[in-house]
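Here the structure is laid out as structure tokens; the discussion comes afterwards.
Numbering (my numbering), first residue to last: 822 to 1202.
In structure tokens:
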């Protein structure tokens, strides 16, 4: 199921019906279909910001299915829906005359009032972290390996409209994530850029610069666009530049961490584990001119197991781990018993929200200990 809620038609003033307007500084809205049915109408508590957003003519959207938890989205945020109870009964009526509007005639007149429904529950909207790993997972089915590998004439991939339907996140959050991950639009459809293609793109550019005896700092952005014009499309080349280069006007320089992680992702998957000495040698030798590797660049991509003999570098990319916090931590602690905050942060950061940062999540779901003045996190069990 994925359908937009109808725009709010009426704002209920429930201050006289429930305790302190259910919660101070909030409002409860009613969403009323064209055909009123009490079973179809749900009461929703929203913040003042959301109320202003709806009053401006914008909409909220429900996303979910029978096997996926339902969430609600605005254009820029994702909310969790929680059912709550109220101690008073809330009545849903088409209209209601307030006391100050009734003339004081000295006599009382009974008036028949239609009631569409009686409610003891409503829904709270709680800002939550969007489920964005599903975006990469969806695009993984449509890898892009370069224009020379495109043998199928028909367009493959996912349109942005399809992504909005599939991904439990707001439109703005989906757009931001598409900018962060190695995804590009090819012939109108979104695809995930293959690691082998990205490795080839960086290596090809590096080989041209070596041949011309130039460093990346000695060429301009238009130079790079011209040099790579035959390698792939303008849009894909622009995405690669944004992923692996820092652009300041027309001047460029490599992003050492991004390039190092890309090359690690290319070297490690075939063996899954690599003798650390051999890996660090091959890793540095494969780098473009001027890029120096650092073991910290492996954080979120691989881990170095110094307890094994010989020590090993193990393939462990963050984006392949489950989004559920306990499942993710179980995998991490099976691979390494104790983690420093710095080394585990890239694996936990994507699970944080406005209420829980990395340290708070680890305090809640892991056990901490201090060894020689260094704080480590390990499994609670």
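Using N, Cα and C, we set each Cβ at its ideal position, and we do this for glycine too. Keep in mind it's a predicted model, so treat the numbers as computed, not measured.
Whole-Å CB distance - residue i paired with residue j, under 8 Å assumed
i: residue 944; j: residue 865; result: 5 Å
i: residue 1044; j: residue 1081; result: Actually they do not touch by this definition, with Cβ atoms about 24 Å apart.
i: residue 1010; j: residue 1057; result: Actually they are not in contact, since the Cβ atoms of residue 1010 and residue 1057 sit about 13 Å apart, beyond 8 Å.
i: residue 1086; j: residue 1016; result: 5 Å
i: residue 1200; j: residue 1110; result: So it is not a contact: roughly 43 Å between Cβ atoms.
i: residue 887; j: residue 914; result: So it is not a contact: roughly 33 Å between Cβ atoms.
i: residue 879; j: residue 898; result: With a Cβ gap of about 12 Å, residue 879 and residue 898 do not count as contacting.
i: residue 1019; j: residue 1005; result: That belief does not hold up - the Cβ atoms of residue 1019 and residue 1005 are roughly 10 Å apart, past 8 Å.
i: residue 998; j: residue 1042; result: In fact, because the Cβ distance is near 25 Å, the residues do not count as touching under 8 Å.
Where the beta strand (DSSP E) through residue i begins and ends
i: residue 1205; result: Because the chain is modelled from 822 through 1202, residue 1205 falls outside the range shown and cannot be assessed.
i: residue 1192; result: 1187-1192
i: residue 1014; result: 1010-1014
i: residue 865; result: 864-868
i: residue 928; result: Premise fails: residue 928 is in no beta strand (DSSP E) and is neither H nor E.
i: residue 1006; result: 1004-1007
In DSSP terms, what residue i is bridged to
i: residue 1125; result: 1134
i: residue 946; result: 902
i: residue 880; result: DSSP lists no partner for residue 880.
i: residue 892; result: 884, 901
i: residue 911; result: 940
i: residue 1199; result: 1188
Host alpha helix (DSSP H) of residue i (start-end)
i: residue 1098; result: 1097-1106
i: residue 1046; result: 1042-1048
Check: residue i C-beta below 7 Å from any heavy atom of the ligand SAM
i: residue 890; result: In terms of ligand content, the structure shown is empty, and the ligand SAM therefore cannot be addressed.
Discussion item. Closer than 8 Å is the cut-off here; do at least three beta carbon pairs connect the segment 949-959 with the segment 983-997?
Written reply: yes
Item to complete: Could you tell me which uninterrupted alpha helix (DSSP H) segments, each at least 4 residues in length, are contained entirely in the segment 1127-1176, listed from first to last along the chain?
Response: 1146-1156, 1162-1169
Item to complete: Report yes or no: do the segment 1155-1162 and the segment 1193-1201 share at least 3 C-beta pairs separated by less than 8 Å?
Response: yes
Discussion item. For the structure I just gave you, are there three or more beta carbon pairs, one from the segment 868-882 and one from the segment 959-966, closer than 8 Å?
Written reply: no
Fill in: Ranges of the alpha helix (DSSP H) found wholly within the segment 956-1001, counting only runs of at least 4
981-987, 992-1001
Worksheet item: Fully enclosed by the segment 1042-1096, which beta strand (DSSP E) runs are 3 residues long or longer?
Response: 1066-1069, 1072-1075, 1094-1096
Worksheet item: When the Cβ atoms of the segment 1177-1185 are set against those of the segment 1130-1141, are three or more pairs found closer than 8 Å?
Response: no
Practice prompt. Would you check if the segment 1065-1072 and the segment 1088-1104 touch, i.e. whether three or more CB-CB distances between them fall below 8 Å?
Written response: no
Discussion item. Does the structure place the segment 1115-1129 close enough to the segment 1045-1056 that three or more beta carbon pairs sit under 8 Å?
Written reply: no
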